[in-house]
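Student: In my numbering, the protein residues as written are 5 to 648.
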Ligand code: TSJ
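1. On the CB-based measure, 16 or more other CB atoms within 10 Å of its CB, does residue 225 come out buried or exposed?
2. Quick check on the burial criterion: 16 or more other C-beta atoms within 10 angstroms. Buried or exposed for residue 338?
3. Closest to residue 556 by C-alpha separation, out of 415, 591, 573, would be which residue?
4. Consult DSSP for residue 231 and reduce its assignment to one of helix, strand or coil.
5. Skipping 5 residues on each side, what residues in its chain have a beta carbon closer than 7 Å to that of residue 445?
6. Using DSSP's beta-bridge definition, name the partner residues of residue 557.
7. Since I believe residue 522 is in contact with residue 465 (beta carbons under 8 Å), could you give me their beta-carbon distance rounded to a whole number of angstroms?
8. I want to check one thing, is the minimum distance from the CB of residue 103 to the heavy atoms of ligand 1 below 8 Å?
9. Let me check one thing: in DSSP terms, what residues is residue 386 bridge-paired to?
10. Going along the chain, which residues of its own chain have a beta-carbon closer than 7 Å to the beta-carbon of residue 241, five neighbours each way excluded?
11. Pick from 146, 65, 54, 190: whose alpha carbon is nearest that of residue 75?
12. Locate the alpha helix (DSSP H) running through residue 1, then write down its first and last residues.
13. Out of 50, 272, 593, 577, which one is the CA nearest neighbour of residue 383?
14. Could you spell out where the beta strand (DSSP E) holding residue 453 opens and where it closes?
15. Check whether the stretch 92-104 touches the stretch 214-221, taking contact to mean three or more Cβ pairs, one atom from each stretch, closer than 8 Å.
16. Out of 320, 304, 210, 298, state which residue places its alpha-carbon closest to the alpha-carbon of residue 368.
17. Tell whether a beta-carbon distance below 9 Å holds between residue 77 and residue 180.
18. Does any heavy atom of ligand 1 sit closer than 8 Å to the C-beta of residue 66?
19. Using the C-alpha atoms, what's the distance from residue 297 back to residue 3?
20. Check the C-beta distance from residue 499 over to residue 479 and give it rounded, since I have them as a contact under 8 Å.
21. To the nearest angstrom, how far is the alpha carbon of residue 447 from that of residue 605?
22. Considering only their Cβ atoms, is the gap separating residue 511 from residue 583 smaller than 9 Å?
23. If I'm right that residue 198 touches residue 622 with Cβ under 8 Å, what's the distance once you round it to whole angstroms?
24. In three-state terms, what does DSSP make of residue 298?
25. Give me the Cβ distance between residue 287 and residue 352, rounded to the nearest whole Å; I'm assuming they're in contact under 8 Å.
26. If you run the structure through DSSP and keep just helix, strand and coil, what is residue 585?
27. Identify every residue that forms a DSSP beta bridge with residue 180.
28. Just the C-alpha distance for residue 347 and residue 354, rounded to the nearest angstrom, thanks.
29. Does the Cβ of residue 282 lie closer than 8 Å to at least one heavy atom of ligand 1?
30. If you reduce the DSSP assignment to three classes, tell me which class residue 360 lands in.
31. On the three-pair Cβ rule with 8 Å, is the stretch 138-147 touching the stretch 54-74?
32. What residues match up with residue 310 in a beta bridge as DSSP calls it?
33. Is residue 559 buried or exposed, if buried means 16 or more other CB atoms sit within 10 Å of its CB?
34. Which residues bound the beta strand (DSSP E) around residue 537?
35. Could you tell me the alpha carbon to alpha carbon distance between residue 388 and residue 414, rounded to whole angstroms?
36. Using 8 Å as the cut-off, classify the Cβ of residue 176 as near or not near the heavy atoms of ligand 1, replying yes or no.
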């Protein structure tokens, strides 16, 4: 029990129970917000904002403002009705106080509607309160300002009137400072909040969300307001791709207590970029709502194609994969009581969601196709091309499978494999260019390090169909070397190396090749990234020699620091490496490959930001040149430094 509690005689038995509830949150914060890393820190903001979004969904709030203050405290305010301050009869205290002190107390004071709670979220404002050094709340209602302040979840005083305001004003303002004794990271990342709030605004059409950063010299500010909601989300995801037709197809409706919204548009790429949400929370593993959508899509397009003789009687049906080639779609549903299943509790289980999405999409899509025969024909023809390519790819794959069945697993000729057969000990370097590949083969530790040199740039999988991808020698070599298979055949237990290390030159071309590699892995074997098997090697940029001593610097900052230490004079010999090829094998080993001395960056991927990652890859690998420059920054966001 906390000291504050023991020292304060005013608390009764009820109060103690409540405080013990919040004590549990402070003892095991991870149970309530997932983690105490940067991720958990940002979750606090979403947790508070979700309450205002609920108020917007109920139809009473149209503006939310989020401010990162100079001290990394956060202010969230909205123009809703204000949290009720009157007595909650069951708890015998202000409803406002209940919201901030009782675990899982949602904002349900008789009002109906959907609450955006589910998964890790929706644990309530009390959790944020418990994990904040201090928190103040103000409610603007009927000309009065009510307020209350807490310290680590414990109230400083009763809810009271602290001032007056324009009687027209109404809303709620919460200001809190995350507790630095709980969180490992206490600095907010503007871009992380920006991405998430943009997504929230897309999912709640008409709601205006403003993000302000007051920490810098001059404040940063972004405003998100989308009258078109998820239709505009699809436009956003498709920017940098060429849409196949102008309109975004939109379906909306309610059935069996499920409110369904779907927006979709095909583009000239070959990937399926479908993102599903339940109560505004992304469901990376899909579930019943996604299954309902896929079923409706396949069924509706096949009946349309048959009825309009695009598919002849003897033609095989289009598969879901064929129809989803190059599709960008958002499925957003709202249910009163979401049930999450699966190992990570990220998969929607509500069976009524399947039927609701299926019937609403089937009905609206059938109508849309009948009204827009040009678009319908366009999509069907793209699907037919996809079907043929898939057939060709299947034949190519069967051929390689038969080959390996006859000859045993035949590894690619260019692979210099390691001798240790336990994958846990093994790593593979994917090396840019045959010459660097040669040095790496000489340098490596043969027992545990395998080398696969790739010639030139690998195929951009964002711009190629499956049959071409299967026909590409470099990609085939990687698939066989890794051993896991791809897509639905993927099996992580067959992975032949614990670490897949991408080793490219430390220049723009090298960065481009690394991106091509990451794009391939992201689209074909995302689990390898999710489970942390993918790394970037970090070759040095400079070699510095002075009086027979040798140093390496991995960036300009390190170089300058070193030169300050050893002194700048004519005896210094500074070599700037233009590529891996300029290093001999000893140097390559010392600086980039030796597990004792190298720096590896692990590629990480936050599934919650998967729609943003999709945009990153398509913008980078698409035809537009300008956004590519942002790659270095974007790349930096998805890698972690590891000194191993
Ligand atoms: F809970 C909280 F602290 F996290 C929080 C809640 C934070 C912020 C910034 C806003 C809110 C909030 C709550 N905004 N608006 C509301 N609305 C209600 O709580 C409310 C008001 C009136 C009625 C009613 O039935 O009259 C019902 C509710 C849920």
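Each residue gets a CB set at the ideal place from its N, CA and C atoms; glycine is no exception.
Tutor: With the structure as the only source:
1. As a position in the chain shown, residue 225 is number 221, starting the count at 1. When all chains shown are included, residue 225 counts as exposed.
2. The residue given as residue 338 occupies position 334 in the chain shown. Buried, since its Cβ has 16 or more Cβ neighbours within 10 Å.
3. Translated into positions along the chain shown, residue 556 becomes position 552. Selected option, being the one with the closest Cα: 591.
4. Position 227 of the chain shown, counted from the first residue, corresponds to residue 231. Note: residue 231 maps to coil in three-state DSSP.
5. Walking along the chain shown from the start, residue 445 turns up at place 441. Answer for residue 445: 420, 455, listed in chain order.
6. Taking the chain shown and counting its residues from 1, one reaches residue 557 at position 553. DSSP, once it has assigned bridges, lists 546 as partnering residue 557.
7. Translated into the one-based positions of the chain shown, residue 465 becomes position 461. Translated into the one-based positions of the chain shown, residue 522 becomes position 518. Contact doesn't hold; Cβ gap of about 10 Å is too wide.
8. Residue 103 sits at position 99 when you count from the first residue of the chain shown. Residue 103 Cβ: within cutoff of ligand 1.
9. On the chain shown, position 382 is the one that residue 386 refers to. For residue 386, which the question treats as bridged, DSSP gives no partner whatsoever.
10. Working through the chain shown from its first residue, we reach residue 241 at position 237. Around residue 241: 277, 332, 615, 618, 619.
11. As a first step, residue 75 must be located in the chain shown, where it is residue number 71. Out of 146, 65, 54, 190, 190 has the C-alpha closest to the C-alpha of residue 75.
12. Since the first residue of the chain shown is 5 and the last is 648, residue 1 is not available in this structure.
13. On the chain shown, residue 383 is found 379 positions in, with the first residue counted as 1. Measuring from the Cα of residue 383, the nearest candidate turns out to be 272.
14. As a working mapping, residue 453 is identified with position 449 in the chain shown. Counting along the chain, the beta strand (DSSP E) containing residue 453 begins and ends at 453-458.
15. no
16. Along the chain shown, one-based indexing puts residue 368 at 364. Comparing Cα positions, the closest option is 304.
17. Position 73 of the chain shown, counting from 1, holds the residue named residue 77. Position 176 of the chain shown, counting from 1, holds the residue named residue 180. For residue 77 and residue 180, yes; Cβs fall inside 9 Å.
18. As a first step, residue 66 is located in the chain shown; it is residue number 62 there, counting from the start. No, the beta carbon of residue 66 sits no closer than 8 Å to any heavy atom of ligand 1.
19. Nothing about residue 3 can be reported from this structure: the residues present for the chain run from 5 to 648 only.
20. Sequence index remark: in the chain shown, residue 499 carries index 495 (1-based). Sequence index remark: in the chain shown, residue 479 carries index 475 (1-based). At roughly 17 Å, the Cβ-Cβ gap does not stay under 8 Å, so residue 499 and residue 479 are not in contact.
21. Taking the first residue of the chain shown as 1, we reach residue 447 at position 443. Taking the first residue of the chain shown as 1, we reach residue 605 at position 601. Spanning the two alpha carbons is a distance of roughly 20 Å.
22. Counting from one through the chain shown, the residue named residue 583 turns up at place 579. Counting from one through the chain shown, the residue named residue 511 turns up at place 507. Yes; because the gap between Cβ atoms is below 9 Å, this pair is in contact.
23. Working through the chain shown from its first residue, we reach residue 198 at position 194. Working through the chain shown from its first residue, we reach residue 622 at position 618. Contact flag wrong, Cβ pair sits at about 19 Å.
24. Counted from its first residue, the chain shown places residue 298 at position 294. Correct three-state label for residue 298: helix.
25. Position 283 of the chain shown, counted from the first residue, corresponds to residue 287. Position 348 of the chain shown, counted from the first residue, corresponds to residue 352. Correct: roughly 6 Å between the Cβ atoms.
26. Here residue 585 is taken as the residue at index 581 of the chain shown, counted from 1. Looking at residue 585 - three-state DSSP - the assignment turns out to be helix.
27. Your numbering for residue 180 matches position 176 in the chain shown. Partner(s): 78, 139.
28. Mapped onto the chain shown, residue 347 falls at position 343. Mapped onto the chain shown, residue 354 falls at position 350. Straight-line Cα distance between these residues: approximately 16 Å.
29. Residue 282 sits at position 278 when you count from the first residue of the chain shown. Not so, every heavy atom of ligand 1 lies at least 8 Å from the Cβ.
30. Here residue 360 refers to the residue found at position 356 of the chain shown. Reduced to three states, the DSSP call for residue 360 is helix.
31. no
32. Taking the first residue of the chain shown as position 1, residue 310 is located at position 306. DSSP output for residue 310 lists no bridge partner at all.
33. Translated into the one-based positions of the chain shown, residue 559 becomes position 555. Residue 559 is exposed by the Cβ-count criterion.
34. For the purposes of this step, residue 537 is taken as residue 533 along the chain shown, with counting starting at 1. Looking at the DSSP string, residue 537 is not in any beta strand (DSSP E), and its letter there is neither H nor E.
35. Residue 388 sits at position 384 when you count from the first residue of the chain shown. Residue 414 sits at position 410 when you count from the first residue of the chain shown. Taking the straight line from one Cα to the other gives about 34 Å.
36. The sequence position of residue 176 within the chain shown is 172, counting from 1. Residue 176: yes, Cβ under 8 Å from ligand 1.
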